[in-house]
Amino acid sequence: MLRRLVLPALLAVAACSGGDNTGPERLTLNGTWRQSGDLRDATTGDSHIHIGTFSLVQSGDTFSGTGQQSGYCSAASVKYTGPLADPTPFAVAGTLVGRDVSFQRDICEYQGSFVEGRSNRITGTATCHYNRNGVDYVFAGQWQADKQ
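According to our numbering, the sequence shown holds residues 98 to 245 in order.
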């Protein structure tokens, strides 16, 4: 009796494990991403809102590329002209582990994750540190990116 049940069970398992891969697609960062952020410096009262792009190439769980942004910055007492308002391209490098993304540029660190059920949108937080004219700036806030 046991042999009669084992053979049909093995055949059913073999039929269900065929080459049809209907699982979720692997997330990738390859391509161009439109990005934006809203950052604030709690100490100085300065704010920064920007838009820009990331052009990324992924290999395994790591990726690298370039970013560029332009934006509007304001300071509590003077017009802001710091590096967050500079449209010069910058290098980025990071990792993708599961749905979680983390990467760095010269003065900023980004953390985020793919939005549940989407392979074309990432949301997260960013922190940017730099010193300018003897003042330490630490901007922090939200950022997001959408694949173009």
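Note that CB positions come from ideal geometry on N, CA and C, so glycine has one too.
Residue i in three-state terms, based on DSSP
{"i": "residue 135", "result": "strand"}
{"i": "residue 229", "result": "strand"}
{"i": "residue 124", "result": "coil"}
{"i": "residue 158", "result": "coil"}
{"i": "residue 141", "result": "coil"}
{"i": "residue 245", "result": "coil"}
{"i": "residue 239", "result": "strand"}
Spatially closest choice to residue i from the options, by CA coordinates
{"i": "residue 146", "options": "239, 245 and 243", "result": "239"}
{"i": "residue 236", "options": "132, 152, 161 and 182", "result": "182"}
{"i": "residue 244", "options": "227, 218 and 232", "result": "218"}
{"i": "residue 184", "options": "200, 139, 192 and 165", "result": "165"}
{"i": "residue 149", "options": "156, 167 and 137", "result": "167"}
{"i": "residue 227", "options": "204, 125 and 144", "result": "204"}
{"i": "residue 136", "options": "156, 216, 213 and 171", "result": "171"}
{"i": "residue 225", "options": "123, 144 and 127", "result": "144"}
{"i": "residue 157", "options": "124, 142, 141 and 138", "result": "124"}
Residues near residue i by beta carbon distance below 7 Å, same chain, minus five either side
{"i": "residue 162", "result": "151, 152, 153, 154 and 189"}
6 Å Cβ shell around residue i - same chain, five flanking residues per side excluded
{"i": "residue 134", "result": "147, 223 and 240"}
{"i": "residue 210", "result": "196 and 197"}
_Uninterrupted beta strand (DSSP E) stretches inside the segment 175-218 (no shorter than 3 residues)_ = 187-194, 197-201 and 205-211
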